[in-house]
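Asker: Here it is: the structure, laid out below.
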Amino acid sequence: MKNCKKIMAAILAGMMTMSMVACGSSEGDLGASGSITVSGSSALLPLAKDAAEAFKEKNPDVSITLNGGGSGTGLKQVSDGSVNIGNSDVAAEEKLEADKAAELVDHKVCVVTMAPVINKELAKEVTSLTKQQLIDIFTAKVTNWKEVGGPDEEILLVTRPQTSGTRALFQAYALDGQEEVVGSSLETDDSGTLLQSVMDNKGAIGYVALSYLTNTDKVSTVAIDGIEPTLENTYNGTYPVWGYEHMYTKGEATGAVKEYIDYIMSEEYSQQLESQGYGVTAKMTVQR
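Under the working numbering, the first residue of the sequence shown is numbered 12, with each subsequent residue one higher.
Shown next, in the form of structure tokens:
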């Protein structure tokens, strides 16, 4: 009788364990849930959108809202709590007060390369500029392409607003920190609009992240001191205009927000970065 009771107890215990495992497995299959709001860097927006689509396939109960607006906007909004993630091309300390920046947690998700771009017609005569020529162009010391070996064509600058992280990166590493001229250029933080302006104007020059050039051949990139703006040249440290792409959260990321960021930084998703024009941080031979 005692043996029978022991056998029955063992069977019941086994059934309970199997039930608990089954429940746990069912719970895990549901994936993440909740809502995620993101704003900021236009340079990081294509990646954020692509990753969101892939993440939602695995986690259909997650709602993700994505907006651009520039790095400064993203950092301000994540700081004041109006979004969960603020995307930025630059460190938070460059756009926020020190006490506000200290509240944010930085997630370096990839590397971005910024490339000067010109009209295809102009590219028949201009393929490379020295860094000093680039500085002279964007500070309006040079206003005609004939002054840098190009045709007799007035230079049209297509630039970014002050809130733009793309502008901050380009200014720091292409222009050696010198301020772009204001008041005599077209200004937009929409990379699609910038590319269209360059396409439509023979004398135009602007700059975009490589991620906006993977699916278009309607503009031409310009080498700097003979070095082409490519991922390979970014990895080996010869091309200077690059930076980290940051996803900032206010405090440590939790729940669906953490899972989304972890997914972007996962080995699985890293295979998608380069096909979109972004660099894998681990491949950099130089650091900043």
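Note that the Cβ used here is the ideal one computed from N, Cα and C, for glycine as well.
#1: Mind the definition here: the region 208-218 touches the region 127-134 only if three or more C-beta pairs lie below 8 Å; say whether that holds.
#2: Please classify residue 178: is it buried, with 16 or more other beta-carbons within 10 angstroms of its beta-carbon, or exposed?
#3: Can you find the residues in the same chain that come closer than 7 Å, C-beta to C-beta, to residue 261, ignoring five residues on each side of it along the sequence?
#4: Around the C-beta of residue 193, are 16 or more other C-beta atoms found within 10 angstroms, so that it is buried, or is it exposed?
#5: Going by DSSP in three states, residue 266 sits in which element: helix, strand or coil?
#6: Under the three-state reduction of DSSP, which class applies to residue 289: helix, strand or coil?
#7: Should residue 94 and residue 49 be called a contact, given that it needs their Cβ atoms to be closer than 9 Å?
#8: Give the straight-line distance between the Cα atoms of residue 191 and residue 149, rounded to the nearest whole angstrom.
#9: Looking at residue 137: is its Cβ nearer than 9 Å to the Cβ of residue 159?
#10: Does DSSP classify residue 90 as helix, strand or coil?
#11: Where do the N-terminal and C-terminal ends of the alpha helix (DSSP H) with residue 111 fall, by residue?
#12: Out of curiosity, what's the CA-to-CA distance linking residue 54 and residue 163?
#13: When we look at the beta-carbon of residue 237 and count the other beta-carbons within 10 Å, is it buried (16 or more) or exposed?
#14: Quick check: the region 228-244 against the region 100-108, are there 3 or more CB pairs under 8 Å?
#15: Which residues bound the alpha helix (DSSP H) around residue 280?
#16: Compute the Euclidean distance between the alpha carbons of residue 69 and residue 274, then round it to the nearest angstrom.
#17: Ordered along the chain, which non-local residues of its own chain (more than five positions away) have a Cβ less than 6 Å from that of residue 283?
#18: Please give the ranges of any alpha helix (DSSP H) in the region 91-155, keeping only runs that are unbroken, at least 4 residues long and fully inside the region.
#19: Where does the unbroken alpha helix (DSSP H) through residue 202 begin, and where does it stop?
Answerer: To lay it out plainly:
#1: The region 208-218 vs the region 127-134: in contact.
#2: Residue numbering aside, residue 178 sits at position 167 when the sequence shown is read from its first letter. That one is buried.
#3: As a position in the sequence shown, residue 261 is number 250, starting the count at 1. Short of 7 Å from the beta carbon of residue 261, and not among the five residues preceding or following it, lie these beta carbons of its own chain, in chain order: 89, 90, 92, 114 and 115.
#4: One-based indexing of the sequence shown puts residue 193 at position 182. Exposed.
#5: The sequence position of residue 266 within the sequence shown is 255, counting from 1. The answer is helix: DSSP assigns residue 266 an H, G or I state.
#6: Taking the sequence shown and counting its residues from 1, one reaches residue 289 at position 278. It is coil, neither helix nor strand.
#7: Counted from its first residue, the sequence shown places residue 94 at position 83. Counted from its first residue, the sequence shown places residue 49 at position 38. A distance below 9 Å separates the beta carbons of residue 94 and residue 49.
#8: As a position in the sequence shown, residue 191 is number 180, starting the count at 1. As a position in the sequence shown, residue 149 is number 138, starting the count at 1. CA-CA distance, residue 191 to residue 149, rounds to 5 Å.
#9: Taking the sequence shown and counting its residues from 1, the one referred to as residue 137 is at position 126. Taking the sequence shown and counting its residues from 1, the one referred to as residue 159 is at position 148. In contact: residue 137 and residue 159 (Cβ atoms closer than 9 Å).
#10: Locating residue 90 in the sequence shown gives position 79, where the first residue counts as 1. Of the three classes helix, strand and coil, the one that applies to residue 90 here is helix, per DSSP.
#11: By one-based count along the sequence shown, residue 111 stands at place 100. That run of the alpha helix (DSSP H) goes 109-113.
#12: Start at 1 with the first residue of the sequence shown, and residue 54 comes out as number 43. Start at 1 with the first residue of the sequence shown, and residue 163 comes out as number 152. Those two C-alpha atoms are separated by around 32 Å.
#13: By 1-based counting over the sequence shown, the position of residue 237 is 226. Per the 10 Å Cβ criterion, exposed.
#14: By the criterion of at least three beta-carbon pairs nearer than 8 Å, the region 228-244 is not in contact with the region 100-108.
#15: Walking along the sequence shown from the start, residue 280 turns up at place 269. It spans 278-284 - the alpha helix (DSSP H) in which residue 280 sits, taken as one unbroken run.
#16: Against the sequence shown, residue 69 aligns to sequence position 58. Against the sequence shown, residue 274 aligns to sequence position 263. C-alpha separation (whole angstroms): 10 Å.
#17: By 1-based counting over the sequence shown, the position of residue 283 is 272. Excluding sequence neighbours, residue 283 sits near nothing in its chain.
#18: Segments of the alpha helix (DSSP H) lying fully in the region 91-155: 109-113 and 142-149.
#19: As a first step, residue 202 is located in the sequence shown; it is residue number 191 there, counting from the start. 202-211 is the span of the alpha helix (DSSP H), which, as asked, contains residue 202.
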